[in-house]
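*Asks:*
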Amino acid sequence: MAWRAALRSKAVIPGLLSCSSHGRLCASPTFITQRNNSTSPKIKVDFDQTTGVAVMHMQSPPVNSLSLDFLTEFCISLEKLEMDKGCRGLIITSNQPKVFSAGLDILEMYGKSPEHCGEFWKVVQEMWLKLYGSNMVTIAAISGSSPAGGCLLSMTCDYRIMADNPRYTIGLNETQLGIVAPFWFKETMVNTVGHRNTEVALQLGLLYKPAEALKIGLVDQLVPEDQVFTVATQTMTKWLTIPEHARQITKSMMRNPTIDKLRTNREADIQNFVSFITKESIQKSLRMYMEMLKQRKA
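Here it is, written out as structure tokens:
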């Protein structure tokens, strides 16, 4: 597709962004495993043809940073599943301990040309458009922290199950780094937790502990850490009992106004992002954050 041609070209703000890294599987007779042609696949997909449910494992150490390469693999994997009429549900989970996804990869935005930043933002948009508009039932199995871009990824799913561990957090914390969440990040959150909760959360860049996230509806269910995937599987079974056509039409009715708004303004959104992220003041903020990360590691 046309968007792939534009995707040939990689740390994470404490939620908004992260600092990147790298990218198995037990095959059983009922599983198809999809792996992208890469020396270090960042996405692994197991598809159970019997149940019609696929599991997407994010496996990009150390924190599943949303880099250009990661997001490209994600979009291609999602597209393949969407085209398979036998696939009715998708569970998204993480193979990295204590983290779902730490967010957008700083190195895709720091010190990069406007062209590269635009290329990167286009695939961020593509990920959201494909997942938010998916015909499949989508469930996020959140077994760790999920700030900023990770929070967006989980909100884009139909249902969110999070580990009940107070060490973990979730939220859109962009303003803490001087970044403004784009309108479609904002509207996804409004659609999830309402206008007032979103207004406070985005202005303050709040990261919620699981119990707080459940209270405002940012996640739908809390379970013990070792039961997240099991409960996600059980929940998927319940969702798949609903007549598919009726559920898909209802989902489209709820989400299409937001999707159409981005589709209509996609190029303008890219230009706004590039103009903003390449400002010297924002580049300075990114640089200071990366230096802070280095000091922490030291």
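Heads up, the sequence shown is in the working numbering, so the first residue is 4 and it goes up one at a time.
Just so you know, even glycine gets a beta-carbon here, dropped at the ideal spot from N, CA and C.
Is the beta carbon of Ser144 sitting closer than 8 Å to the one on Ile164?
*Replies:* The amino acid at residue 144 is misidentified as Ser; the sequence shows Ala. The answer is yes: Cβ separation under 8 Å.
*Asks:* By a C-beta neighbour count over all protein chains shown, 10 Å radius and 16 as the cutoff for buried, is Glu346 buried or exposed?
*Replies:* This structure does not reach residue 346, given that the chain is present from 4 up to 301, and the question cannot be answered.
*Asks:* On the criterion of 16 or more Cβ atoms from any shown chain inside 10 Å, does Met291 qualify as buried, or is it exposed?
*Replies:* exposed
*Asks:* What does DSSP give as the partner residues of Leu69 in its beta bridges?
*Replies:* Leu107
*Asks:* Could you have a look at Tyr292 and say whether DSSP puts it in helix, strand or coil?
*Replies:* helix
*Asks:* Under a Cβ-count criterion, where at least 16 other Cβ atoms within 10 Å of its own Cβ denotes burial, should Asp108 be classed as buried or exposed?
*Replies:* Asp108 should be labelled buried.
*Asks:* Quick test of your reading: Ser104 and Met61, contact by CB under 8 Å. State the CB separation rounded to the nearest angstrom.
*Replies:* 6 Å
*Asks:* Take the Cβ of Arg91 as the centre, count every other Cβ of all protein chains shown within 10 Å, and call the residue buried at 16 or more, exposed below.
*Replies:* buried
*Asks:* For Tyr322, which residues of its own chain have a beta-carbon under 6 Å away from its beta-carbon, when the five flanking residues on both sides are left out?
*Replies:* Any property of residue 322 remains undetermined from this structure, which presents the chain solely from 4 to 301.
*Asks:* Counting C-beta neighbours from all protein chains within 10 Å, is the total for Ala30 16 or more, i.e. buried, or is it exposed?
*Replies:* A caution first: Ala30 carries a pLDDT of 28, below 50, which makes its placement in the model unreliable, though a value can still be read off. Classification of Ala30: exposed, given that the 10 Å Cβ count is below 16.
*Asks:* Following the continuous alpha helix (DSSP H) through Arg170, name the residue where it begins and the one where it ends.
*Replies:* Where Arg170 is concerned, there is no enclosing alpha helix (DSSP H), given that its DSSP letter is neither H nor E.
*Asks:* Using the rule of at least 16 other Cβ atoms within 10 Å of the residue's Cβ for burial, across every protein chain shown, is Ala184 buried or exposed?
*Replies:* buried
*Asks:* Indicate whether at least one CB of chain C lies closer than 8 Å to the CB of Glu270.
*Replies:* Protein chain content of the structure displayed is limited to a single chain, and chain C is not contained in it.
*Asks:* Could you tell me which whole alpha helix (DSSP H) segments of length 4 or greater appear in the region 212–262?
*Replies:* 213–219, 231–242
*Asks:* Looking at the secondary structure, which residues open and close the beta strand (DSSP E) in which Leu93 lies?
*Replies:* Going by DSSP, Leu93 is part of the beta strand (DSSP E) stretching over 92–97.
*Asks:* Quick one: grab the DSSP three-state call for Tyr162.
*Replies:* strand
*Asks:* Are three or more beta carbon pairs between the region 239–253 and the region 65–78 nearer than 8 Å?
*Replies:* Contact between the region 239–253 and the region 65–78 is absent: fewer than 3 CB-CB pairs across the two stretches fall below 8 Å.
*Asks:* Checking 8 Å against the spacing of the C-beta atoms, do Leu210 and Gly174 come in under that value?
*Replies:* yes
*Asks:* Buried or exposed for Ile245, going by 16 or more other Cβ atoms inside 10 Å?
*Replies:* exposed
*Asks:* Is it true that the CB of Val140 sits closer than 8 Å to the CB of Asp161?
*Replies:* yes
*Asks:* Report yes if the C-beta distance between Gln206 and Thr178 is below 8 Å; otherwise report no.
*Replies:* yes
*Asks:* Got a sec, what are the start and stop residues for the alpha helix (DSSP H) Met130 sits in?
*Replies:* 117–135
*Asks:* To the nearest angstrom, how far is it from the Cα of Gly106 to the Cα of Ile94?
*Replies:* 19 Å
*Asks:* Exposed or buried, Val231, counting other C-beta atoms within 10 Å across all chains shown (16 or more means buried)?
*Replies:* buried
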